[in-house]
Amino acid sequence: MPTSSTHSSAGLRIQSILSKPGSGIVVMLVLFVIVMAVVSPAFVTFGNWQNIANQGVFVLLLALGMTVVLIARGIDLSVGSVMGLSAGVSAYLITQGLIFPLALLAGIACGIFCGLLNALMITKLGLPDFVATLAMLGVARGVLFLWTAGTPFTRYMTPAYSLVGGQTQIAGFVSIPIIISIAACIALSLLLRRSVLGRYLYAVGGNPDAARLSGIPVNRIKTYAYLISGGCAGLAGVILAGRATNVAPTMGTGYEILAITAAIIGGAALTGGQGRMIGAVLGALTITLITNAMNIAGISSEWQQLVTGVILLIAVLLDRLTTYFKHRQRSTEIAAAVSVDPTAKPVQHVMS
Amino acid sequence: METDPAEKASLVSSRRRFLGTGALVGTVGLLSACTTPPGGATSNGGGGASGGGAEGSDDYTAAIKKLVAGRELQVGFTPPVLSEYYTQMENAAFTRMAQLEDLYGVKWKWEKSSPTGNFNAVEQQISTVQSWTSREFDIVFICTGANFATMQGVYKKAMDSGTKIFQFNQPVELYPIDDVNTVSNIGYDNRWQSGYVAGKFIADTLKGQGKIIQIMGPAGSDWTKARLVGFNQAMSENPGLEVVGSADGGYLRDKGLSAAQDLLTRNADVNAIYGENEDMALGASQAVDAAGLKQWDGNQGVVIIGADGLLSGMDAIRNGKLTASVDVNSVDNAIKMIDTAFQSIVLKNYVPKVSNITTHLVTKDNVDAYASYINGVMSPAKKY
Amino acid sequence: MSTLRHPSRLLAIDGVAVSIVFLVMLGYFSVASPAFLTGDNIYNTFVESISTVLLAAGLTFVLISGGIDLSIGSTIGLSAAATLFVAMTGASTLMAVLAGLVTGLVIGTINGAFVAGAGVSDFIVTLATLSIGAGLLKVFTGRTQLTGTDNASFLALAEGRILGIPTGVFIAAVVLVVLEVILVKTPFGRAVYATGVNANAAFLAGVSVRRIRFSVFVISGVVAGIGGVLLASHLNSVQPGLGGGYELTAIAGCVVGGVSLAGGRGSIWRAALGAFFLSVLSRGLQLIGVDPLWFSIVTGAAIVAAVAFDRGAQRWLQSSPRPARALKTAADASTAQNAH
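Protein chains in written order, with our numbering: chain A, 12 to 363; chain B, 363 to 746; chain C, 294 to 633.
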């Protein structure tokens with residue numbers, strides 16, 4: 012972010028904080044937690060936050076990959092099905108006696124392969140991203156249905172898989188899925204911010220034609236985006252198989268919408284060129300918190316869908332405050348810069 | 363599915379034994395009420411035909427065979443989702459169809475269609491019925507999550523043009539039976555044969571005192587509604603029981619797990635969990651383990667009960683991961699369904715509008731009996 | 294002119310390739326299943342596809358303007374509930390119809406206000422209203438049994454016949470024509486395209502981009518309301534999950550018909566064709582008895598094949614000699630000009 016304020020006034024500092032993308036969501040989350048703490052003290056216990064973290068990793072992993080794809084101006088509708096299929100691959104291979112780490116790798120590889128197919132359909136056949144990944148949604152789900160013939164895969168659980176699935180905590184407070192998610196988040200964050208690929212992803216999503224003209228291999232960059240998304244879905248799938256202890260043919264249905272929602276709450280946009288990993292984390296947290304809070308507050312399931320929608324609306328409205336403050340921040344800053352140093356360059360809006 | 367070789371051998375031999383008996387005694391399965399204990403699943407069913415001492419005789423078999431006259435029936439089977447329960451049902455149906463074919467020479471053509479969950483789940487079933495009607499199927503077996511009134515219109519059109527509709531596993535008890543446009547409805551009463559049974563079991567086990575959480579199916583489904591009626595009745599008969607939390611587990615294990623975790627956070631002192639299906643109950647069971655709570659051991663711990671009657675659920679009961687389950691009897695559901703259609707369509711008999719089959723409360727004590735009852739049909743003599 | 298001398302160039306016209314795939318598919322199903330061309334099946338196919346075709350048509354406005362509307366699935370369900378509820382109270386058919394239309398209008402207005410007024414992401418806003426609408430429907434149907442009415446004139450809205458055509462199909466066709474005319478023949482329609490092609494340029498050219506963004510959501514909502522009215526009349530019952538997932542089918546239909554999610558490209562008749570295509574595909578596969586386990590795979594593959602053929606034909610023609618490209622550029626230029 013280019014706009015770190017040098018002014019000491021408290022008001023300006025608050026403005027500066029609020030102008031950061033996603034800060035509206037943070038404000039919303041803080042308010043939400045305070046309200047919930049009043050409604051039910053159980054909500055703010057350590058155990059509950061452990062639960063929230065362990066429940067949220069699946070949406071989070073999918074949202075990380077989805078954010079990368081959205082940055083590159085794509086969309087991946089297949090992640091839910093691919094997650095289910097990857098779960099099926101590793102579960103099945105374990106029952107066939109393949110050693111555990113290889114089975115997990117095969118599950119992840121399955122995700123990456125699906126991502127590759129998506130990318131090939133988009134770059135080689137020229138299909139719109141929506142159509143290609145919608146088809147993959149159907150195909151991956153269909154393969155899992157055919158393969159299981161409707162009966163879930165079971166009896167593949169081992170103590171090691173319980174550990175990977177997050178059923179056993181390490182040192183009593185953290186689980187493998189949480190560690191993996193944090194690692195994935197940091198790795199992808201570095202990739203986006205520090206690597207050439209990261210810059211190219213934003214460039215391709217920001218303006219594909221300009222990117223192409225400036226010599227960026229647009230198709231290859233898009234392919235990487237889908238490979239990352241597929242890999243994330245594969246990773247989420249093998250972990251989910253460890254958590255659910257069976258792989259039903261419907262596993263992962265509907266997760267694509269959750270992932271897209273989390274990514275967009277976190278600042279990504281369908282129009283490409285925007286999004287950050289920390290945003291995906293906030294988005295996934297928001298989604299998981301809403302369900303958790305409603306269950307704990309004892310809101311009957313009949314009303315939950317309605318309440319979810321209302322909370323989402325409030326969340327995005329609050330986030331709009333961010334943009335409001337961002338505009339104010341920028342104008343104050345420009346004014347200040349001009350008055351202090353007439354030679355200062357105008358503040359540029361840099362991709363974040 | 364894994365079955366150890368010895369068990370498999372015994373299944374095969376028991377089936378052979380049955381077929382042998384079938385040839386000798388004729389139509390035990392078709393005609394009489396169940397006299398064999400569970401385990402001889404294939405001999406159950408009770409088509410409820412003419413009755414009397416003549417059944418099972420060679421004469422009778424030959425006479426029926428003559429009536430059947432080698433008729434071929436085109437059958438469509440459409441469950442609301444592909445799941446273990448409906449796979450068990452399908453195998454039981456095949457077992458029964460193969461017997462009827464063997465005995466009376468009726469031929470079957472079987473087609474299965476079920477929504478695969480992506481989009482248009484309910485509409486897909488409506489258009490399935492319409493397609494099968496256009497293709498002049500003789501029989502459609504259907505269980506659907508679609509709206510009751512919507513389906514009656516679809517059924518009426520199908521029946522008018524000669525495709526006969528039979529519903530299975532459908533909570534018709536929620537509606538006036540005269541409004542149901544089917545030949546027959548084979549199932550069980552979700553209120554008193556499922557929901558109430560679960561509530562009563564919890565009451566009996568906890569001696570009428572305790573806190574309960576519920577993990578339910580998607581809000582608004584007929585099954586959820588009907589089962590809750592029965593469950594709530596059991597609750598009102600036992601004022602010492604209190605439902606302290608309820609959440610939507612979407613009929614899925616991982617969602618059931620998350621929902622149970624959330625509810626346990628607020629109610630760590632819970633005494634029982636009711637999962638409306640077995641998958642969610644098993645998810646709840648994981649949540650209980652993860653929260654460091656003890657499961658019911660006969661004297662104390664958390665009672666967990668589900669409903670379905672899946673082989674995987676029975677495994678869990680055997681391993682102490684599930685206290686009990688209401689087995690809504692996939693096997694008899696299917697056998698009765700086939701028998702009713704055979705009686706009605708081929709023999710032109712008058713079948714009851716509603717046929718309820720027996721459901722079982724499965725616990726560690728009787729799980730072997732009901733598991734082998736299901737295993738008895740899982741490798742049918744012929745697949746259609 | 295040149296298109297007549299080189300028939301292959303016909304493919305370059307938007308929608309022709311998809312139409313060809315559609316006709317091939319119709320031909321195949323007719324041969325493969327004797328039940329496909331029966332009166333019953335044709336009737337059912339048309340009547341059952343009304344909802345998604347209408348939703349796709351309304352959605353096209355939003356998509357062309359560069360937005361997205363996910364709420365249509367629950368809007369159609371909620372409108373159907375409102376319509377049937379009013380019809381069941383014994384009110385006149387007109388009141389029942391108005392109830393459905395107003396429901397659509399209200400949801401569309403809320404979407405438009407949030408998106409155009411407050412500038413919030415349309416994906417999240419319409420996802421939220423999708424969730425709220427579906428939740429309201431669930432709560433509403435949980436308290437009132439919407440089991441139908443005897444009001445014959447209301448039922449005739451969808452099930453009557455005009456010249457042998459089901460009224461519902463007739464009404465839907467009229468709506469489609471009106472929408473196509475609005476989109477193609479009016480300054481408003483051209484402004485919708487302009488907004489989708491490049492909102493900044495459109496703004497500079499004097500288009501009130503905000504007003505356009507607001508209006509497209511209202512149109513989408515009202516068209517979903519019409520769909521809801523027809524659905525209520527057709528089914529004469531409303532269930533908790535009615536309309537769930539329709540939004541994805543409608544979007545898929547639009548995209549199959551060549552409407553671009555990035556905005557600026559598409560037309561009503563192609564969106565309707567795309568939605569109808571998916572409907573016929575699903576029915577056809579059932580009629581020829583495809584194993585349901587293969588169903589979603591075959592559907593996915595068929596969608597890919599259809600769209601790949603469409604795009605492939607265009608790309609092939611664009612990479613080979615000029616006329617096709619010239620034609621397209623000219624079309625683009627005229628669109629841009631009209632927008633100014």
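Glycine included, every Cβ here is placed at the ideal spot set by N, Cα and C.
query	result
Lys573 of chain B - partner residues in DSSP beta bridges	B:Glu604
Buried or exposed by the 16-neighbour rule on C-beta atoms within 10 Å, applied to Leu393 of chain B	The predicted position of Leu393 of chain B is uncertain, since its pLDDT is 37 and thus under 50; a value taken from the coordinates is nonetheless stated next. Buried.
Cross-chain neighbours of Thr449 of chain B in chain A, by beta carbon under 7 Å	Ala160, Gly161, Thr162
Cutoff 8 Å: Arg152 of chain A Cβ touching any chain C Cβ	yes
Coarse secondary structure for Ala431 of chain B, derived from DSSP in three states	coil
Close beta carbons around Val545 of chain B, own chain, < 6 Å, minus the five adjacent residues each side	Lys526, Phe528, Ser706
DSSP state of Thr264 of chain A mapped onto helix, strand, coil	coil
Short-range partners of chain C found in the region 112 to 133 of chain A, where Cβ spacing is below 9 Å	Met132
Boundaries of the beta strand (DSSP E) in which Phe503 of chain B is found, first to last residue	501 to 504
Val632 of chain B vs Val664 of chain B beta-carbon contact at 8 Å	yes
C-alpha distance - Val502 of chain B paired with Thr338 of chain C, whole-angstrom precision	20 Å
Nearest-angstrom Cα separation, counted from Phe407 of chain C out to Phe492 of chain C	Inspection of the sequence shows that residue 492 of chain C is occupied by Ala rather than by Phe. Looking at the two C-alpha atoms, the distance is approximately 18 Å.
Check whether Ile310 of chain A and Val321 of chain A have beta carbons under 8 Å apart	no
Whether Asp624 of chain B touches Asn303 of chain A by CB criterion (8 Å)	yes
Where Gly432 of chain B falls, given that 16 or more other Cβ within 10 Å makes a residue buried	exposed
Closer than 8 Å at the beta carbon, the chain B residues around Ala259 of chain A	Ser445, Leu614, Arg615, Asp641
Any chain A beta carbon closer than 8 Å to Ile581 of chain C	no
Candidates C:Lys431, C:Ala389, C:Asn444, of which the one nearest Gln316 of chain A by Cα	C:Lys431
Cut-off 7 Å between Cβ atoms - residues of its own chain near Cys121 of chain A, not counting five sequence neighbours on either side	Leu96, Ser97, Val100, Gly245
Under 9 Å from the C-beta of Thr544 of chain B: neighbouring residues of chain C	Within 9 Å Cβ-Cβ: nothing; Thr544 of chain B doesn't reach chain C, min ~16 Å.
Ala143 of chain A at chain C interface by Cβ criterion, 8 Å	yes
8 Å Cβ cutoff, Phe156 of chain A in contact with chain C	yes
Partners in chain B for Lys431 of chain C, counting only beta-carbon separations shorter than 7 Å	Ala581, Gly582
Residue-chain proximity (Ile307 of chain A, chain C), Cβ-Cβ < 8 Å	no
Per-residue contacts from Ile276 of chain A into chain C (C-beta, under 9 Å)	Ser414, Ile417
Simplified DSSP assignment, three categories, for Lys744 of chain B	coil
Element boundaries [beta strand (DSSP E), containing Ser546 of chain B]	546 to 549
Chain A contact for Arg628 of chain B (CB, 8 Å cutoff)	yes
Buried versus exposed, by CB contacts within 10 Å (16 or more), Thr169 of chain A	exposed
Within chain B, partners of Leu251 of chain A - CB distance below 7 Å	Asp616
Inter-stretch contact at 8 Å, needing at least 3 Cβ pairs: the region 350 to 358 of chain C / the region 596 to 603 of chain C	no
Thr592 of chain C to Ala545 of chain C span [Cα, whole Å]	12 Å
Selected residue, minimal CA-CA separation from Arg589 of chain B, among B:Lys617, B:Thr627, B:Thr567, B:Tyr636	B:Tyr636
Beta-carbon proximity of Asp140 of chain A to Gly183 of chain A, cut-off 8 Å	no
Rounded straight-line distance, which links the Cα of Gly579 of chain B to that of Gly108 of chain A	35 Å
Proximity below 8 Å, CB of Glu614 of chain B to CB of Asp641 of chain B	Checking the displayed sequence, the identity of residue 614 of chain B turns out to be Leu instead of Glu. Yes, they are a contact pair.
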